[in-house]
Amino acid sequence: GHEMLTHLVALLVALAASPSSAFDHGDVVPMMKRNQFQQQRSEWTEVPLRMAPRFGIDRTVKVDALPRSYDGHEPYKIAFALLGHQFTTPFLGVADGKGSFLSRLQLTLVRSGSSVVDAHWLEEHV
């Protein structure tokens, strides 16, 4: 049988090195997520602290991106917002409903001093 990918495999957070004061090294960078499925958009919810970016730390985490009930036949998308809604990704395709899945999302946060000043993302699909 076809085994469906049920996790977004990795979320890599990279922060450019520079001095920090408002955010201390290792502080949680607030992050929220929402889903889009069957023409419905969920409310924004906090990403669990164990999965949230940490200021000044590169790391990889596994994110449960698809619900257990997902049947693989319709597109499923996810969006992320950081620091309230200062930086928001568009809805990213986790599954296209035709067998292609988002296997990795690299999220790079750029800081200046103690502030996050930009966010970039790179998607890899299988």
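The sequence shown runs 9 to 134 under the working numbering. Heads up, the beta-carbon is just placed ideally off N, CA and C, and yes, glycines get one too. Owing to the predicted nature of the structure, the values given are computational and were not obtained by experimental measurement.
Between the region 85-94 and the region 39-49 there are three or more C-beta pairs closer than 8 Å, enough to call the two in contact. Proximity of the region 73-90 to the region 99-106 meets the contact definition, three or more beta-carbon pairs being nearer than 8 Å. For Gly34, the CB contacts under 8 Å within the same chain, skipping 5 residues up- and downstream, are Arg62, Phe63, Gly64 and Ile65 in chain order.
Under the three-state reduction of DSSP output, Arg42 falls in the strand class. Here the alpha carbons of Asp126 and Val118 stand approximately 5 Å from one another. About 6 Å separates the CB atoms of Phe109 and Val134; that is less than 8 Å, so the two are in contact.
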